[in-house]
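Peer 1: Those protein sequences? They're chains A and B, same order as listed.
Once you know that position 456 of the first sequence is 456 in my numbering, the rest is easy, because the numbers rise by one and skip nothing.
Adding 1000 to a residue's 1-based position in the second sequence gives its number in my numbering.
We treat Cβ as the ideally placed atom computed from N, Cα and C, and that holds for glycine.
Just so we're clear, the structure is a prediction, and the values are computed from it rather than from any experiment.
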Amino acid sequence: MESFIPLFVILPLAAAFLIPIVGKFVSGFQMTLSNLVFLFLAAAGVWFLFDSNTEAVSYTVGGWEPVNGIPIAIYLVADGLSLIMLAIINTMAFLSGFYAISYLKQYTAPDNFYALLCLMVAGMNGVVLTGDLFNLYVFLEIAVIASYALVAFGTGKEELEASFKYQVLGGIASLLILFGVAMVYWKTRTLNIADAATLLKHSHDRTFHLFVQLLFITGFGLKGALIPFHAWLPDAHSSAPSPISAMLSGVLIKAIGIYCMIRIFFNMFILTEEFAVILTTLGALSMVLGALIAMVQNDMKRMFAYSSISQVGYIITGIGMGMIILARKGDQGIAALAIGGGLFHMINHAVFKGLLFLNAGAVEYENRTRNLDELGDLSTVMPVTYGTSLTASLSVSGIPPFNGFFSKLIIIIAAIQGHFYLLAALAVVVSIITLGYFLKFQKQAFFNVSRFFNKLKIKEVPFTMCFSMIVLAILCLVLSLLVFPGPRDLILTPAVEAVMNVKEYSTIITGI
Amino acid sequence: MTELNYIILLPIVAGIILFAFPRGTRILKGILALMTGLVALVFAVRLFGWENGIHTADLVPAGMAAGSLFNRMMQGISGFCTFNIDPLSRFITLCTTVFTVLITVYSLACMKGEREIRHFYPYVLLTLGLTTGAVLTDNLLFFITFWGILGITLYKLIPGHDEASSAAAKKTLIMIGASDGIMLLGIGIIWRIYGTLSMSALDIPTTYPVLVAAFLTLVTGSFTKAGAFPFHTWIPDYTQKAPAASSALLPASLDKLLGIYFLARLCVDMFILEGWLVFVLLLIGVMTIIFAVMMALIQHEYKKLLGYHAVSQVGYMVVGLALGTPLGIAGGLFHMINNAIYKSGLFLVAGNVEKATGKNDLDHLGGLSKAMPITFVAALIFALSISGVPPLNGFASKWLIYQGIIDFGTQPGAANQIWYIWLGLAVLGSALTLASFIKFVAGIFLGRKSKALEKVREVSPLMWGPGILLALVCLVFGIFAASWVVPRIIMPLYGSFGYTGIWQSTTVSMLILASIVLGVLIYWLAGVRRFRTDEIFIGGETTRDQTDFPVTGFYKTIQDFRFFSVIYKQAEKKWFDIYDVTAKIVFSLGNLLSKAHTGVLTAYAIWIFAGLVLFMLILFQFIIL
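(1) Does DSSP classify B:Asn-1591 as helix, strand or coil?
(2) Taking 8 angstroms as the threshold (C-beta atoms), are B:Ile-1284 and B:Gly-1332 in contact?
(3) Please state whether DSSP places B:Ser-1496 in a helix, a strand or coil.
(4) If you count every other CB in all the chains shown that lies within 10 Å of the CB of B:Val-1517, and 16 or more means buried, which is it?
(5) Looking at chain B, is there any beta carbon in it that lies within less than 8 angstroms of the beta carbon of A:Gly-397?
(6) Please state whether the Cβ-Cβ distance between B:Pro-1651 and B:Ile-1567 is less than 8 angstroms.
(7) Exposed or buried, which one is A:Tyr-114 when buried takes at least 16 other CB atoms within 10 Å?
(8) What in chain B is Cβ-close to A:Lys-440, meaning under 9 angstroms?
(9) Which partner residues does A:Leu-76 have in the DSSP bridge list?
(10) If you measure from the beta carbon of A:Met-183 to each beta carbon in chain C, is any gap under 8 angstroms?
(11) Thinking just about the alpha-carbon of each residue, which of B:Phe-1291, B:Glu-1274, B:Arg-1118 is nearest to the one in B:Ala-1228?
(12) Using a C-beta cutoff of 8 angstroms, does B:Tyr-1238 count as contacting chain A?
(13) Between B:Trp-1399 and the rest of its own chain, which residues show a CB-CB distance below 7 angstroms, the 5 nearest in sequence each way excluded?
(14) Since A:Leu-431 and B:Gly-1181 are thought to touch, with beta carbons under 8 angstroms apart, how far apart are those beta carbons, to the nearest angstrom?
(15) Listing by chain order, which chain A residues have their CB less than 8 angstroms from the CB of B:Asp-1162?
(16) Could you tell me whether the Cβ of A:Val-428 comes closer than 8 angstroms to any Cβ of chain B?
(17) Identify the contact partners of B:Tyr-1604 in chain A, using a Cβ-Cβ distance below 8 angstroms as the criterion.
(18) Any Cβ of chain B within less than 8 angstroms of the Cβ of A:Val-496?
(19) In chain B, which residues lie less than 8 angstroms from A:Thr-218 when you measure between Cβ atoms?
(20) Of the residues A:Ile-316, A:Phe-463, A:Asn-371, which one's Cα is nearest the Cα of A:Cys-577?
(21) Which of the three DSSP states is assigned to A:Asp-205 in this structure?
(22) Can you pull the chain B neighbours of A:Leu-289, defined as C-beta to C-beta under 7 angstroms?
(23) B:Arg-1532 versus chain A: which residues are under 8 angstroms apart at the beta carbon?
(24) Tell me the rounded alpha-carbon separation between A:Asn-367 and A:Leu-375.
(25) Can you grab the Cα-Cα spacing for the pair B:Val-1280 / A:His-204, in whole Å?
(26) Within the present structure, is the beta-carbon of B:Leu-1018 separated from the nearest heavy atom of the ligand NAP by less than 7 angstroms?
(27) How would you call B:Met-1001, buried or exposed, if buried means at least 16 neighbouring beta carbons within 10 angstroms?
(28) At a Cβ threshold of 8 angstroms, is B:Trp-994 touching chain A?
(29) Chain A beta carbons: is any one of them nearer than 8 angstroms to that of B:Ile-1386?
(30) What are the uninterrupted segments assigned as alpha helix (DSSP H) that are 4 or more residues long and contained completely in the stretch 96-170 of chain A, given in chain order?
(31) Sorted by chain position, which residues of the same chain lie with C-beta nearer than 7 angstroms to A:Met-268's C-beta, five sequence neighbours on each side aside?
(32) What residues from the stretch 88-115 of chain A come within 9 angstroms of chain B, judged by C-beta to C-beta, listed N to C?
(33) In the DSSP assignment, find the alpha helix (DSSP H) that holds B:Asn-1339 and state where it starts and stops.
(34) Taking CB distances under 8 angstroms as the criterion, tell me whether B:Ile-1152 reaches chain A.
(35) Quick one: what's A:Asn-371 bridged to in DSSP?
(36) Closer than 9 angstroms between beta carbons: that is the criterion. Which residues of the stretch 1066-1098 of chain B meet it against chain A?
Below is the structure:
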C-alpha cells in the first residue's frame, strides 16, 4: 500500500498535463483518461478504507531517512483521517467527471475542463496526504488556482465576476496561511508537521502561539467558508459549472478548509480552550446564519451554497465541541463522539451536497434556468432527478433513514452529553430551517404547477448524469450504516483516533 | 430471526418491492398490498399469544461467518432491536393493521381514474410496517427513526401537483420533521441522565427543569403527530388536499393511534407528572377541543371540516390521559380507538361523496340521501358517534372521560379543584361538534338537490363496504361498551377500574331502539306520512342557485358575531398557526441578513479583517490578564 500513496498525486497530475497535449489529436481522450484515473483512485481509496489490516502508513519521497531523529524528507502520510478524505475526494471526482461527460456538451473546450479538474484533484489529494507544511500550502494553491479557473469556466459576466471575487478573497486566505507557515518555520526551523509539533510543545511563547493559530484559523476559515469569512462562497459555488460546484461544495472546502484545520490544530498545536471556543462559535454562527440566508434564496444553486456554509457549521461545531472537551481534559468518550459526529457529517455532506449540485445541474441543463420561481412540476418529466434530489434534500435536512439524520443525531447527542445544551438546541432549530428551505426547493422545482411553456420538450437528462446522481443517492442511504458498530469501527473510529491521538501521528513520521 | 422481525419487515420489504412495479399495474399492486396487509394481520393476531415483556430481536442470519463486517453490523443493529410486547402495544398493532387493510380495500376503487399518486400502495405498506415498528419498539432511537420516516410517507401520500396541495405536503413534512428533531433533544437528555434508551426502564420524575424539558420535547412530538394545539395546523391543510384514502389512513387513524400511544407511554409509563404539568396538559386538551371545533364550524369544504374535527377529538384523548387515573386513561385510550374508527369512516364517506360528485364544497352539495343511501346511513352513524350521541361508541368513551374528570375532582390539587371547568368545556366541545356535524350531514345529504347532482349514483361496494363495516363497529362498540368492550378490551391495557356513574349501555340501547320502533310505528300508522311536497315559491321567480339557502349560511351568524369575528379574521390570516408565524420570523431574519450581502468585494474583504482583528482583541486579552 505504501507504494500506492504517491499515485494519488502523480496520476491526476500526469493526466492534467497529458490531456491538453494528447487531447488535441485524440478526440474523447480527456474524458476517458481522467475518468479512468478517477475511477482507479476512487477504487483504491475505498479499498484502503475497507482494508482493516492496514495501519496508518507513510511514504518517504526520495527515500531520505531521518537524520538524528530529524526528518529531512517529504512525507506522505495516510492515516485514518486522510484515507477518509481520499475516498471522498476521488469518489466525488469520478462521479463529477462522469457526470460532466454529458453535461459539458453545453460548453466548448472540454480539454481545459478535464485538465483543470485533474489538477484540482491532484492538489486536494496532495493536501490530505502531505505531512509537510509547505507542501500543504503548495498543493492547496494548486487546488484553489485550478478552482479559480473552473469557476470562470462559463466565461459569462457573472462567472467572471464570481471568479474574480473568489481569487481576491482566496488570495487573502493563501497569504494568511503562507504567513502562518513562515512563522512556524521561523520559530521551529522545520516544516514537517510532526517535527514542528514536538518542537512547539516545548515552546512557551504564548503570543506566538496565539498569533500563528489566529492566522491559520482565519486562513483556513476563509477556505472552509466559515462566517464571517464566507462571502466568496455563494457566488463562486453557484457560478461554476454544476459538476465543479459539486466538487467545490462537496469536497474542496473540506479538503483545504476543514481537513487542514483539524490536522493543524489537533496534530500540530497544543489544544487550547480559547481556540476551541472560537472555532465552535464560528461553527455555530455559520450553522445558524447560513441556514437563515439560504431560506430566502430563489436561485437554487445559491441556496445550496448557503446551505453548504450552514452544514460546514455543523461539522465545525461537532469537531469544536470535541476540541473543547479535550482541552478541558474532559471525558474522552464524549470528545470522540463529537469528533466522530463531525467527521461523519463531513462524509455525508460531501455526498448529499455533491448530489444536490448535480441535481441543480440536471434541472438547469433541461430548463435553462436556476430560478425557483420559474420552475415547477418536474417530478413527472424528470423522475430520476426528482427521486435523487428528494433523497438528498431529506438527507441534508436530517430525516431518517438517510445518512444526514444519523450524523446530526450523533452531533446533537454529543452536544447534550457534553452539556452544550444551547448548541444542541441550535442544531435542532437549524435542522428544521434546513428542512424548510429544502422542501421549498422540492415544492418549487418538482411539484406545484408547471410555469414553463414547452414542458413537453423537457425530458430526463442523459445516462451519465443519471448514473452519477443514482450512485450518490444510493450512497446517501448506504452511508447510514456507518452509525452501526461494524462499519463504524472500520471507517470512523480510525479517523477519530488519528485526530485525537496526537502522538501516533508524529510516531508514523519521525519513528519516535 | 424471530416472528417479530417479520411483522415489521414484511410490509416494509413488500413495499420496497412494489416500488419496482411499472406504471399501469395499479390493481395488481393494490391486490398484493392487500395480501401483505392480511398476512400482517395474521401476525398481529398471533402477537396476542406472546408473553408480556421485552423481546430482543436477533438479526444475525444463521450461517454467517462470525467476525465478518456484515455480521458485526447486524449484531450492532440487534443491540437496538428491543421490542416491548404488552397489552397496549399489541392492541395498537392490531388496530393499525386492521385500518390499513380496510383502507387498502377502499383505495382499490377510490384511486381509480384520478391523477394517480405515484406509488400509493408501496407507501401505504411502508406506513404499516413503520407504524408497527414504532409501536413495538422499546428503544427510543429506533422509535424516532421510524417516526421520522413516517413523515416521508405522509409527505408522499398527497399528490402535490398544484399550489395548495404542494404547500400542504411541505408544511406536513416540515412539522413532522421538526417534531422529530425536537424529540431528539429530549431523548439526548434522557440518555445523558439515565444512560438508557429503553422506554420500559424509565420512570422519570418531573421535578428538575432539565427533566421537564425532556418531557416537554417528547410531548411536542406526540402532539404534532396526533394533532393537538398548537402543533395541529398541518392536519386541516393536509386533509383538505389529500385524497380521502390518505387522510383516512394517516391523520385520521394511524397518526392518532401512534401519537396517542406515545402520549400514553409518556404520561403513564415513562414520566411521573407533577401537578402543574397535569394542569398544562388539561389546558392544552380543552383548548384543542374548543379552538378546533370553532374553526370547524365555519368551514365550507367538508374535508377541511373533518380535518379540524380530527384535531378537536384529540383534545379529549389528551384530557383523558392527562388525568392519570385509571378511569381517565381508559377513557382516553377508548376514545382514541373510537375516534380512529369513526374519523377514518368519515373520511371514507367524504371520499365517496367526492368520487360521486367531484365537488368538495358544502355549498354546492345537498340532497344526496336518496342517491347514496348506504353512504348516507354510514355518515349519519359516524356523525352521531363523533358528536357523542348515545348509544354510539363516541358517547361511551366521552362518558368515561367525563366520569374521569369528576373522579379527578375529588382529589386535592389546583388542577383538581377546577374540574368543573374541564368538564364544562369538554361537554361544550361535544355540543359544538354536533352543531358542525349537522352542517356536514345536512349540507351533503339533506335539503334540495341541485340540477348538477341529478346523475349522482351510489359508489361501488368496494368503497362503501369498509365504511359500513366501520359503522357497524361503531354501533357494536357503543351498545356493548359497558358489558363487553370496556372490560374485555380497554381494561387489560392499564388496569381495571370502577365506574362512578351508572351506564348500562345495552339496556339504554334497547330503550333507544324501542323508541325508534315506536317512532316508526307512529310514522306509519298515525298518518304522518301524508304530507305535501312542492316547489319552493318565491313570488313567481324561478329558483336559481343564488336564491337557494345553503346549510352553511346558518353558520355565518357565528362568524359575524362581534367577538368571534375578530378572532376568525386573525385565524384566517394564519396568525395562530405556529408554522406560519415561525416562517414569517425566519424569512424576515433571512432577508435582513441577505441585505448585508451586497456583492461588493471591498465589504467582504473588510469583514475578513474585521473578524481577524476581533479575534485578536479577544485572544490577546487572555495574555494581558
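Peer 2: With the given structure in hand:
(1) helix
(2) no
(3) coil
(4) exposed
(5) First, the amino acid is wrong: residue 397 of chain A is Ser here, not Gly. Taking Cβ atoms only, chain B reaches closer than 8 angstroms to A:Ser-397, which makes this a yes.
(6) Given a span of 1001 to 1625 for chain B in the structure shown, any question on residue 1651 of chain B remains unanswerable.
(7) buried
(8) Lys-1170
(9) A:Tyr-59, A:Thr-130
(10) The chain labelled as chain C is not found among the protein chains of the depicted structure, namely A and B.
(11) B:Phe-1291
(12) No, because no Cβ of chain A sits closer than 8 angstroms to the Cβ of B:Tyr-1238.
(13) Trp-1503
(14) For clarity, residue 431 of chain A is Ser in the given sequence; the question names Leu instead. Indeed they touch by this definition, with Cβ atoms about 5 angstroms apart.
(15) Asn-448, Val-449
(16) yes
(17) Lys-165, Leu-169, Ala-231, Trp-232
(18) no
(19) Ile-1608, Gly-1611, Leu-1612, Phe-1615
(20) With chain A represented from 1 up to 512, any question about residue 577 of chain A goes unanswered, as that position is not in the structure.
(21) In the structure shown, A:Asp-205 sits in coil (DSSP, three-state: anything other than H, G, I, E or B).
(22) Result: Leu-1593.
(23) None at all; the shortest Cβ gap to chain A is about 51 angstroms.
(24) 8 angstroms
(25) 58 angstroms
(26) The model depicted lacks the ligand NAP and carries no ligand whatsoever.
(27) Unreliable positioning characterises B:Met-1001 in this predicted model, as indicated by a pLDDT of 46, which lies under 50. The coordinate reading is nonetheless provided below. Exposed, by the Cβ-count rule.
(28) Only positions 1001 to 1625 of chain B appear in the structure, and residue 994 of chain B is not among them; the question remains open.
(29) no
(30) 110-129, 133-151
(31) Ile-193, Ala-196, Ala-197, Leu-200
(32) For chain B, none of the residues of the stretch 88-115 of chain A brings a beta carbon within less than 9 angstroms of one of its beta carbons.
(33) Annotation for B:Asn-1339: the continuous alpha helix (DSSP H) segment containing it runs 1326-1357.
(34) yes
(35) A:Asp-299
(36) Ser-1068, Leu-1069, Phe-1070, Asn-1071, Arg-1072, Met-1073, Met-1074, Gln-1075, Gly-1076, Ile-1077, Gly-1079, Phe-1080
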